[in-house]
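*Asks:* For reference, the structure I am asking about is given below.
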Amino acid sequence: MAISLKSIKKKTAAELQPIFTIYGVPKVGKSSLASEFPRPIFIQTAEGESVPAGVVAETLEVRNYAELCEAITVLVSDEHNYGTAIFDSTTGLENIIRAEACARNGWKNIEDPGYGKGYKIAAGIFLEYIDGIMTLRRERNMSIVQLGHCDISRFDSPSTDPYSRYRINLHKDAADIVEANSDVIAFVNFKASIKKVDAGFNKQLTHAEGGGTRWMFLEERPSHIAGNRFGMPHELQYRKGEGYKALAKYLPPAREAA
Numbered sequence: 001m002a003i004s005l006k007s008i009k010k011k012t013a014a015e016l017q018p019i020f021t022i023y024g025v026p027k028v029g030k031s032s033l034a035s036e037f038p039r040p041i042f043i044q045t046a047e048g049e050s051v052p053a054g055v056v057a058e059t060l061e062v063r064n065y066a067e068l069c070e071a072i073t074v075l076v077s078d079e080h081n082y083g084t085a086i087f088d089s090t091t092g093l094e095n096i097i098r099a100e101a102c103a104r105n106g107w108k109n110i111e112d113p114g115y116g117k118g119y120k121i122a123a124g125i126f127l128e129y130i131d132g133i134m135t136l137r138r139e140r141n142m143s144i145v146q147l148g149h150c151d152i153s154r155f156d157s158p159s160t161d162p163y164s165r166y167r168i169n170l171h172k173d174a175a176d177i178v179e180a181n182s183d184v185i186a187f188v189n190f191k192a193s194i195k196k197v198d199a200g201f202n203k204q205l206t207h208a209e210g211g212g213t214r215w216m217f218l219e220e221r222p223s224h225i226a227g228n229r230f231g232m233p234h235e236l237q238y239r240k241g242e243g244y245k246a247l248a249k250y251l252p253p254a255r256e257a258a
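Each residue of the sequence shown is one higher than the last, beginning at 1 in the numbering used here.
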């Protein structure tokens, strides 16, 4: 078919629910925040992950790639009233996908093929998972939340000297895929301020101070990876029980309960 300017169509953004990646420092309240999303179901990908105290969460436990695919499939095809699928955590998800890459190729571990090949194969399986959650969102209009831990990594900027920043704790190939396919990347952390103290003898010491306030950082800064497609501000304070409410004013309306 020949392309012509007469074939131009006007399109607007679909009102699909967003795909979130929420990561942060330990015990900052990532799971508590996720549990505030509409009608959540947790897909737990690792032993040891648990829902927050005081939260009664409906949960599917998956321990291998076949179970992960099956969990996504039943959420797509079966009748239910869930509004949010929460994958807890991306570390467990990565381990499941690495195990699947090894099983498909007869490797003992992801390093077996050498030269980073194992991680490239695992990244391809990560894309299969991404296709699954995209289908879940498209077919059932569910929000997707991926919960992850953070790591401090070196960033070799082409325009400045290298510096360190927070990023989701995944292999770079996997992190690139998760971040590229998220509508919102939220880094959750406590705020700290640096104070200088006179130590005498013309010396000053610095130390960090901060309260117990938690913040969701929603735009990228040198200190962290973050971003969103909804015009959210750089940061929003996270108050327990009000985190999703603070985010929801920027999001498409949640799917109504049946």
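Here a beta-carbon is modelled for each residue, glycine too, at the ideal position from N, C-alpha and C.
1) So within the segment 112 to 185, which uninterrupted beta strand (DSSP E) runs reach at least 3 residues, ignoring any that extend past its ends?
2) Alpha carbon to alpha carbon, how far is Pro233 from Ser182?
3) How many Å lie between Gln146 and Ala175 at the Cα?
4) Using 8 Å as the threshold, is the C-beta distance between Ile185 and Ala248 below it?
5) Looking only at C-alpha atoms, which of Ala257, Glu47, Pro38 and Gln44 sits nearest to Ile143?
6) In this structure, what does DSSP give as the bridge partners for Met216?
7) So, for Ala101: in the same chain, excluding its five sequence neighbours on each side, which residues have a beta-carbon less than 7 Å away from its beta-carbon?
8) Helix, strand or coil for Ile41, going by three-state DSSP, please let me know.
9) What did DSSP end up calling Ala85 once you bin it into helix, strand or coil?
10) Quick one: grab the DSSP three-state call for Glu61.
11) Ile96 bridges to which residues according to DSSP?
12) Apply the 10 Å Cβ neighbour rule to Gln237 and answer buried if 16 or more other Cβ atoms are within range, or exposed otherwise.
13) At what residues does the beta strand (DSSP E) containing Gly24 begin and finish?
14) Could you pull the start and end residues of the alpha helix (DSSP H) that Ser31 belongs to?
15) Mind reading off the beta-carbon distance from Ile72 to Ile133? Whole number of angstroms is fine, and I expect it under 8 Å.
16) Roughly how many angstroms lie between the CA atoms of Gly29 and Gly212, to the nearest whole one?
17) Going by Cα to Cα distance, which pick from Tyr166, Lys172 and His171 is closest to Asn189?
18) State buried or exposed for Ala85, treating a residue as buried only when at least 16 other CB atoms are found within 10 Å of its CB.
19) Pick helix, strand or coil for Gly106, following the three-state DSSP scheme.
20) Is Gly227 helix, strand or coil by DSSP?
21) Please say whether Ile43 and Tyr65 have beta carbons closer to each other than 8 Å?
22) Which residues in the same chain have their Cβ closer than 6 Å to the Cβ of Ser153, if we skip the five residues on either side of it in sequence?
23) How far does the alpha helix (DSSP H) with Ala2 in it extend, from its first residue to its last?
24) From Val25 to Gly148, what does the alpha carbon distance come to, in whole angstroms?
25) Using only CA atoms, which one of Ser31, Glu219 and Ala180 lies nearest to Asp88?
*Replies:* So, from the data block:
1) 143 to 155 and 163 to 168
2) 17 Å
3) 12 Å
4) no
5) It should be pointed out that residue 143 corresponds to Ser in this sequence rather than to Ile. For Ser143, the nearest C-alpha among the options comes from Pro38.
6) Val188 and Leu236
7) Ile110, Gly118, Ile121, Ala122 and Ile125
8) Strand.
9) strand
10) strand
11) According to DSSP, which records beta bridges pairwise, Ile96 is partnered with nothing at all.
12) exposed
13) For Gly24, the enclosing beta strand (DSSP E) stretches over residues Ile19 to Gly24.
14) Lys30 to Ser35
15) 7 Å
16) 12 Å
17) Tyr166
18) buried
19) coil
20) strand
21) Ile43 is positioned such that its CB atom lies no closer than 8 Å to that of Tyr65.
22) So the list reads Arg167, once near-sequence residues are dropped.
23) Unbroken run through Ala2: none, as it is neither H nor E.
24) 9 Å
25) Ser31
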